[in-house]
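Asks: Attaching a single structure in structure tokens format; questions to follow.
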Amino acid sequence: MKNSLREYDPILFKRDIIAALTLFVMLIPQGMAYAMLAGLPPVMGLYAATVPLFVYALVGSSKHLSIGPVAITSLLVFSGVSVYADPGSSAYITYAIVLAFMVGVLQLLFGLFKWGFIVKFIPYSVLNGYTSAAAIVIGISQLNHLLGMDTGNYLQVHLLLFQVFSRINEIHLLTLAVGLGSILLLIIVKKFTPKLPNALVAVFLSTIVVASFRLEERQLQVIGDVPSGFPGFFVPELTIETVMMLTPMALTIALLGFMESLSIGKAIAKKENYEINPNREFTALGLSNIVGSFFSSFPVNGSFSRTAVNHQAGGATQLTAIMTGIFVLITVAFFTSAFYYIPNAALAAIIIVAVYKLVDIPEMKRLFRVKRFEGWIWVTTFITTLFIGIQWGIIVGAIFTLLLIIRKSAKPEIVQLGYVEREKTFRDISRYPEAITAKKVRVLRIDSSLHFANVAFLDEKLKRLNDLEEAEWLILDMSGVNDIDSVSIQRLEEVIEYFRKQQITMLFSNMKGSIRDTVNKVGWKEKYSEQCNHLTLEQLLREKGLRSYFDPAFNYISSSKEWVQDYII
């Protein structure tokens with residue numbers, strides 16, 4: 001921020017104020033809509049769009065990140081708090097504010113202890129599947145406002161849809177008309193006049209219609225009276241019981257909010273050629289949530305849509321955020337009476353149109369095409385989030401990922417190598433059918449580090465090799481082995497002795513220095529000096545006088561390549 005101020009000039013100020021005005025007209029309807037999604041009074045969305053912006057502008061490392069209320073975080077607030085209190089009640093509001101404080105404390109601790117790296121352990125396939133499912137849950141959860149009916153506080157899609165269809169005769173047609181009209185207006189404005197803030201246009205026009213025809217008297221739900229003025233400073237009251245109740249959701253929001261903020265922040269920073277500091281971002285978001293909670297804010301984080309709009313509108317520094325916050329503050333102080341006739345259906349329409357683009361089915365198809373197990377991770381996370389609960393999606397997805405990784409690491413890839421004459425090197429014979437193999441010399445390559453969980457698989461596959469009647473040498477290319485543990489060393493010793501009894505000499509090639517250092521600690525230099533070497537495969541074959549077996553002129557092309565299919569993973 002200091003560097004930005006030193007370089008600040010009238011041109012940057014013009015860019016920032018234009019971007020701030022653009023964000024302001026976008027943030028007012030979004031803030032109220034997302035507060036409603038969180039089960040809170042709409043005005044709290046405006047509280048969350050002031051103080052947190054000021055704090056982040058002073059501490060954050062991104063010049064463009066726009067923080068404030070966002071859809072998924074708002075839904076998580078509803079999911080975590082509605083279990084313990086009725087949405088909109090004073091207890092519910094208190095819990096939401098306490099949750100913001102707890103999220104901030106966790107993020108601050110992660111930043112101070114430089115734990116930004118932990119988000120790397122949640123794979124992209126989990127996040128994308130979770131976001132896609134959460135977007136659907138968000139959209140369906142707004143059907144109560146869109147249809148003018150009570151659908152309960154469910155966050156499982158099948159339960160929500162059951163409520164809708166079982167009460168379909170309770171649909172309020174006027175509310176439905178306003179909601180569908182708002183959705184249509186949002187889409188048309190976005191398509192034909194993209195420079196106009198479609199959310200503000202929809203809210204403005206729907207409000208005029210409601211006020212002109214007094215539609216609230218016909219049971220159309222509107223925001224109603226909104227208290228003017230900004231809430232005073234107060235410290236949320238923490239109890240052990242409250243902390244225990246809200247910690248799981250606070251941790252979820254802390255991590256997800258950080259990841260969402262970091263991903264969009266990094267994307268814009270890359271375009272503008274500057275760096276984002278993950279730990280500083282954790283700290284900035286933490287302080288924003290902590291200080292925001294002192295002024296009745298619920299949890300906030302970086303917004304994809306508003307950050308992109310900020311960048312497109314020319315925002316150059318975080319003074320954009322400060323000016324945006326000031327505009328919102330003025331609105332809260334003097335103009336809340338203008339919000340009375342805003343229909344809830346219009347705010348629900350804004351949410352639905354904003355989140356439908358987050359459903360990323362093409363990415364699921366791409367994951368299946370590139371790596372099937374990543375596709376299944378996406379599907380597992382997606383289904384869990386939809387049908388079990390939004391709070392379980394990330395957890396189940398991460399656990400499923402861990403299980404797949406363990407399963408995959410327990411079966412190291414082992415390939416047979418043969419000599420490819422045109423490339424003058426040894427290659428995987430399953431990829432190069434023309435590769436020359438030899439009956440007297442079997443060459444295998446291990447493409448994984450060896451540890452207690454996978455060495456038994458290697459042991460089993462080596463001992464089950466068939467067509468070894470004529471074999472005299474078994475060579476393991478260790479170029480893909482970067483680490484080895486004591487259990488693996490012991491198993492390899494057993495395998496060496498197993499083949500020795502069958503008159504087959506087992507050798508190793510391309511053994512890395514770190515591996516040789518490890519095996520030498522248990523006496524391999526003395527017991528297996530012939531095996532423990534650093535020679536390349538080519539050098540080893542020549543040293544042992546085995547290279548000629550792979551010469552085309554020797555005509556020792558094996559007719560027994562089928563066996564490799566028994567153990568290639």
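Position 431 (the sequence shown) corresponds to 431 in full-length UniProt numbering; numbering is contiguous.
Just so you know, even glycine gets a beta-carbon here, dropped at the ideal spot from N, CA and C.
Grouping DSSP H, G and I as helix and E and B as strand, with all else coil, what is residue 301?
Replies: The answer is strand: DSSP assigns residue 301 an E or B state.
Asks: Please identify the residue among 515, 300, 493, 262 whose C-alpha is closest to the C-alpha of residue 506.
Replies: Nearest C-alpha to residue 506: 493.
Asks: Taking residue 465 as part of the beta strand (DSSP E), name the residues at either end of that continuous run.
Replies: Careful: residue 465 lies outside any beta strand (DSSP E) and carries neither H nor E.
Asks: Here's the rule: buried if 16 or more other CB atoms are within 10 angstroms of the residue's CB, otherwise exposed. What is residue 407?
Replies: Flag for residue 407 reads exposed.
Asks: Can you tell which of 444, 52, 419, 440 has the C-alpha that lies nearest to the C-alpha of residue 552?
Replies: Here the closest residue by C-alpha is 419.
Asks: Indicate whether residue 31 and residue 48 have their beta-carbon atoms separated by less than 9 Å.
Replies: Yes; because the gap between Cβ atoms is below 9 Å, this pair is in contact.
Asks: On the criterion of 16 or more Cβ atoms from any shown chain inside 10 Å, does residue 158 qualify as buried, or is it exposed?
Replies: Exposed: under 16 other Cβ atoms inside 10 Å.
Asks: Name the one or two DSSP bridge partners that residue 428 has.
Replies: DSSP output for residue 428 lists 417 as bridge partner(s).
Asks: Within 10 Å of its beta-carbon, does residue 296 have 16 or more other beta-carbons around it, so buried, or fewer, so exposed?
Replies: So residue 296 ends up on the buried side.
Asks: Where residue 209 and residue 215 are concerned, what is the direct C-alpha to C-alpha distance, given to the nearest angstrom?
Replies: Cα-Cα distance, rounded: 8 Å.
Asks: For a test of the three-state rule: what should DSSP assign to residue 97, helix, strand or coil?
Replies: Reduced to three states, the DSSP call for residue 97 is helix.
Asks: Count the C-beta pairs between the region 54 to 70 and the region 187 to 203 that are closer than 8 Å, then say yes if the count reaches three, no if not.
Replies: No, because fewer than three Cβ pairs between the region 54 to 70 and the region 187 to 203 fall closer than 8 Å, the two stretches do not touch.
Asks: Nearest CA to the CA of residue 39: which residue from 138, 116, 290?
Replies: Nearest option by C-alpha distance: 138.
Asks: DSSP on residue 444, reduced to helix/strand/coil?
Replies: Residue 444 falls in the strand class under three-state DSSP.
Asks: What are the boundary residues of the alpha helix (DSSP H) that residue 508 is part of?
Replies: It is not in any alpha helix (DSSP H) - residue 508 instead sits in the beta strand (DSSP E) that spans 505 to 509.
Asks: Distance check for residue 279 and residue 237, CA to CA, integer angstroms please.
Replies: About 28 Å.
Asks: Would you list, in sequence order, the uninterrupted alpha helix (DSSP H) runs of no fewer than 4 residues that lie entirely inside the region 135 to 160?
Replies: Counting whole runs of 4 or more residues, the region 135 to 160 contains the alpha helix (DSSP H) stretches 143 to 147.
Asks: Following the continuous beta strand (DSSP E) through residue 474, name the residue where it begins and the one where it ends.
Replies: 473 to 477 is the span of the beta strand (DSSP E), which, as asked, contains residue 474.
Asks: By the DSSP assignment, the alpha helix (DSSP H) with residue 175 in it spans what residues?
Replies: Residues 173 to 192.
Asks: Compare the C-alpha of residue 15 against each of 472, 415, 315, 499 and name the closest.
Replies: Nearest C-alpha to residue 15: 315.
Asks: Measure the CB-CB distance between residue 538 and residue 426 and report whether it falls below 9 Å.
Replies: Yes, these two residues count as a Cβ contact at 9 Å.
Asks: So, for residue 13: in the same chain, excluding its five sequence neighbours on each side, which residues have a beta-carbon less than 7 Å away from its beta-carbon?
Replies: So no residue of the chain qualifies.
Asks: Would you kindly report the start and end of the unbroken alpha helix (DSSP H) that includes residue 16?
Replies: Taken as a continuous stretch (DSSP letters only), the alpha helix (DSSP H) holding residue 16 covers 10 to 37.
Asks: Who are the Cβ neighbours of residue 572 in its own chain at under 6 Å, not counting the five residues just before and after it?
Replies: The chain is shown from 1 up to 569; residue 572 falls before or after that span and cannot be answered.
Asks: Provide the residue span of the alpha helix (DSSP H) that contains residue 279, from first to last.
Replies: Here the alpha helix (DSSP H) through residue 279 covers 278 to 293.
Asks: Since residue 130 and residue 394 should fall inside the 8 Å C-beta cutoff, what is the C-beta to C-beta distance between them, to a whole number of angstroms?
Replies: That pair is a contact at about 6 Å.
Asks: With DSSP as the reference, identify every bridge partner of residue 68, one or two as the case may be.
Replies: Beta-bridge pairing links residue 68 to 301.
Asks: Can you tell me whether residue 248 is helix, strand or coil according to DSSP?
Replies: Helix, per DSSP.
Asks: Quick check on this structure: which residue in 540, 549, 51 has the alpha carbon closest to the alpha carbon of residue 233?
Replies: The shortest Cα separation from residue 233 among 540, 549, 51 belongs to 51.
Asks: Would you list the one or two residues that DSSP bridges to residue 450?
Replies: 484, per the DSSP bridge assignment.
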